[in-house]
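>
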Amino acid sequence: MNQEYNAPDRDYYRNAEHTLRVSGSETLSAAPDQAIVTLGVITEDKDPQKAQQANSQAIANVIASLKSAGIPEEQLKTSDYRIDPQYDYIDGKELFKNYKVQHMIQAQTTDIEKIGSIIDTAVRSGANSITSIRFSLSNPEAYYNRALSLAIKKAYEKALSMARTIGISLNPIPNQVDEVSETTTPILFQTSTFSKMASTPIQPGELNITASVRVVYTY
């Protein structure tokens with residue numbers, strides 16, 4: 007069987023050979039301006055209705071206290087609700103213990119400095135489970151776009167330095183730009199225990215926003 011053979015385009019090899027491939031990355035740090043606290047109430051009783059009633063009353067008190075602390079109702083939402091039977095295992099046997107009712111809510115706030123007092127308020131009103139505090143930015147795109155621009159500039163500076171070193175003339179307009187990654191790292195506090203302190207100290211720190219690119223230049 008005869009097969010037609012097409013020779014590779016010489017321009018393809020010439021273009022592929024006359025390229026510089028570089029990468030650029032930039033990380034910006036920013037203070038978070040919003041937070042979501044996940045907290046709630048866990049109650050236990052052999053009678054599921056009693057456990058549920060106690061939980062309903064307690065979570066209602068927690069929600070009321072959070073509203074009084076300045077969190078609007080639209081920024082409070084249930085994230086988890088469950089009723090589970092609990093068992094003890096004695097001598098290899100499964101013995102019923104009680105029912106556990108868990109109702110978790112998410113409270114969102116832009117008043118970062120009051121996170122500690124918000125937690126204290128919830129605990130005083132009956133919250134006995136705090137699972138996480140997640141800090142974030144309300145407008146991460148602005149920081150990311152700035153980081154992306156700086157990453158491209160770094161890639162160009164790197165390519166320009168390489169071109170000068172090997173004595174070639176670099177075309178400043180890139181032939182190809184690929185966005186590699188987008189990283190916004192939230193700060194997450196995880197806790198299974200809490201203390202009824204006068205004031206819970208919470209340090210939000212800063213968030214890191216990273217942008218990376220791969221750029222192809224011709225010469």
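Just so you know, we're using our numbering here: the sequence shown kicks off at 7 and counts up by one.
Ideal placement from N, C-alpha and C gives every residue a C-beta, glycine not left out.
All figures in this text were calculated on a predicted structure; none of them were measured in a lab.
Go ahead and label Y93 buried or exposed: buried means 16 or more other beta carbons lie within 10 angstroms of its beta carbon, across all protein chains shown.
Counting Cβ neighbours within 10 Å, Y93 comes out exposed, since fewer than 16 surround it.
> Let me know the secondary structure DSSP gives L26 once reduced to three states.
In this structure, L26 counts as strand in the three-state DSSP scheme.
> So, under 8 Å CB-CB, P38 and P210 are touching, yes? Tell me the CB distance rounded to an integer number of Å.
Yes, they are in contact, since the Cβ atoms of P38 and P210 sit about 5 Å apart, within 8 Å.
> What did DSSP end up calling N61 once you bin it into helix, strand or coil?
DSSP places N61 in helix when its eight states are reduced to three.
> Drop a sphere of 10 angstroms on the beta-carbon of T95, count the other beta-carbons inside from all chains shown, and report buried for 16 or more, exposed for fewer.
For clarity, residue 95 is Tyr in the given sequence; the question names Thr instead. When all chains shown are included, Y95 counts as exposed.
> Rounded to the nearest angstrom, how far is the Cβ of S29 from that of L213, given a contact under 8 Å?
The pair is not a contact, with the Cβ atoms about 23 Å apart (cut-off 8 Å).
> Taking just the CA atoms, how far does A41 sit from S142?
Going by the C-alpha atoms only, they are around 6 Å apart.
> Does the Cβ of D126 have 16 or more other Cβ atoms within 10 Å, making it buried, or fewer, making it exposed?
Classification for D126: buried.
> Hey, which unbroken runs of the beta strand (DSSP E) at 3 residues or more fall wholly within the stretch 35 to 109?
Entirely contained in the stretch 35 to 109, the beta strand (DSSP E) runs reaching 3 residues are, in chain order, 40 to 51 and 82 to 96.
> What does Y133 pair with, by DSSP beta-bridge criteria?
One point to set straight first is that residue 133 is Ala, not Tyr, in the sequence displayed. Its beta-bridge partners do not exist; DSSP assigns none.
> Count the other C-beta atoms from every protein chain shown that fall within 10 angstroms of the C-beta of T216, then say buried if there are 16 or more, exposed otherwise.
Per the 10 Å Cβ criterion, buried.
> Taking P180 as part of the alpha helix (DSSP H), name the residues at either end of that continuous run.
Counting along the chain, P180 falls outside any alpha helix (DSSP H), and DSSP gives it neither H nor E.
> Quick check: what's the CA-CA separation for E50 versus K160?
Their Cα atoms are separated by approximately 58 Å.
> Do T44 and Q114 come within 7 Å of each other at the CB atom, strictly closer than that value?
It is not a contact, given that the beta carbons lie outside the stated cut-off.
> Whole angstroms are fine: how far does the CA of G132 sit from the CA of Y162?
Between Y162 and G132, the C-alpha separation is close to 57 Å.
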